[in-house]
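Undergrad:
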Amino acid sequence: AQSVAQPEDQVNVAEGNPLTVKCTYSVSGNPYLFWYVQYPNRGLQFLLKYITGDNLVKGSYGFEAEFNKSQTSFHLKKPSALVSDSALYFCAVRVPFSGGYNKLIFGAGTRLAVHP
Amino acid sequence: SAVISQKPSRDICQRGTSLTIQCQVDSQVTMMFWYRQQPGQSLTLIATANQGSEATYESGFVIDKFPISRPNLTFSTLTVSNMSPEDSSIYLCSVPGLAGHEQYFGPGTRLTVT
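These protein sequences, in sequence, are chains A and B.
For the first sequence, the positions run 912 to 1027 when the numbering used here is used.
For the second sequence, the positions run 27 to 140 when the numbering used here is used.
So, in structure tokens, the structure goes:
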């Protein structure tokens, strides 16, 4: 079955330190992977995606993610965390859809708390 | 990316009633998606709405409970029927990006059923 796992419910990091939010996936075929962020009382915002090519992809707000095929992982990273990065982060994978269009399956989410 | 709006942004409803949520996109799109995010949970796809055809529902979701309309390429509605407290969730619509890979989401409708 196609799935995505975020093993950490919450990640705590001090402002200025590097952060990593973990994601592993299980899909058949080539994975299409995504990261989204949800700020309180707001919808989901698209951060970045991996489709093909370079394993390190860069996205919005200074975030990047590293695709690792052998470890089936797609961890989200940022070199220096900001307090304003505190939010809920979702990893997602695109899977083929019987209606002829692809749908997204989301992980459970990881709450990132950046402390001053 | 497309600009997506939803109405209402939030509502408090009595059990047994129905609420219709509207989703408006500033550009024409073939597919629109409706998701539910229960409190403290991840997003779950309810259905995919293609203009001019019946919506396709995911396992666990039925048309009688969540009827969807898709009258044109920029608009869709989701109705939550005969509501119970278990329907208290954030409901989000989304549309595919230009490349067709990622999806872009509306701000959501926060529903509380008492």
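Ideal placement from N, C-alpha and C gives every residue a C-beta, glycine not left out.
Please read all numbers here as calculations on a predicted model, not as lab measurements.
1. Could you check the C-alpha separation between B:T140 and A:N941 for me, to the nearest Å?
2. Is it the case that the region 83-92 of chain B contacts the region 1015-1025 of chain A, given that we only count it when at least three CB pairs across the two stretches are under 8 Å?
3. For the beta strand (DSSP E) holding A:A1003, just list the boundary residues, first then last.
4. At 7 Å on the CB atoms, spell out the chain A contacts of B:F131, in chain order.
5. A:E975 by DSSP, collapsed to three states: which one?
6. Does the beta-carbon of B:I38 have 16 or more other beta-carbons within 10 angstroms, so that it is buried, or is it exposed?
7. Give the residues of chain B in contact with A:K960, contact being defined as C-beta atoms less than 8 Å apart.
8. Any contact between the region 105-120 of chain B and the region 130-139 of chain B? By contact I mean 3 or more CB pairs, one from each, below 8 Å.
9. Looking at the C-beta of B:G134, does it have a partner C-beta in chain A at a distance below 8 Å?
10. Using the DSSP secondary-structure output, state which residues sit across from B:I94 in a beta bridge.
11. Where do the ends of the beta strand (DSSP E) carrying B:C119 lie?
12. Less than 8 Å separating the beta-carbons of A:V894 and A:A992?
13. Considering only their Cβ atoms, is the gap separating B:P93 from B:S10 smaller than 8 Å?
14. Specify the secondary structure class of A:S898 as computed by DSSP and reduced to three states.
15. Please go through the same chain and pick out, in chain order, the residues whose beta-carbon is closer than 6 Å to the beta-carbon of A:F1017, but skip the five residues on each side of it.
16. Got a sec: is the Cβ-Cβ distance from A:Y972 to anything in chain B below 8 Å?
17. Is it buried or exposed for A:Q917, if we count other Cβ within 10 angstroms and need 16 for buried?
TA: Judging by the given coordinates:
1. Cα-Cα distance, rounded: 44 Å.
2. For the pair of segments examined, the region 1015-1025 of chain A was found not to touch the region 83-92 of chain B: the number of CB pairs separated by less than 8 Å stays below three.
3. Annotation: the continuous beta strand (DSSP E) that includes A:A1003 extends over A998 to V1006.
4. G954 and L955
5. strand
6. Under the 10 Å beta carbon count, B:I38 is surrounded by fewer than 16 other beta carbons and is classified as exposed.
7. H127 and E128
8. yes
9. In terms of beta-carbon proximity, B:G134 lines the interface with chain A, with at least one pair separated by less than 8 Å.
10. B:L104
11. Here the beta strand (DSSP E) through B:C119 covers S115 to P122.
12. Since the displayed chain A opens at 912 and closes at 1027, residue 894 of chain A lies outside it and no answer follows.
13. Shown here, chain B extends from 27 to 140; a query on residue 10 of chain B therefore has no answer.
14. Residue 898 of chain A lies beyond the range of chain A shown here (912 to 1027); nothing can be said about it.
15. The residues are F1001 and A1003.
16. no
17. buried
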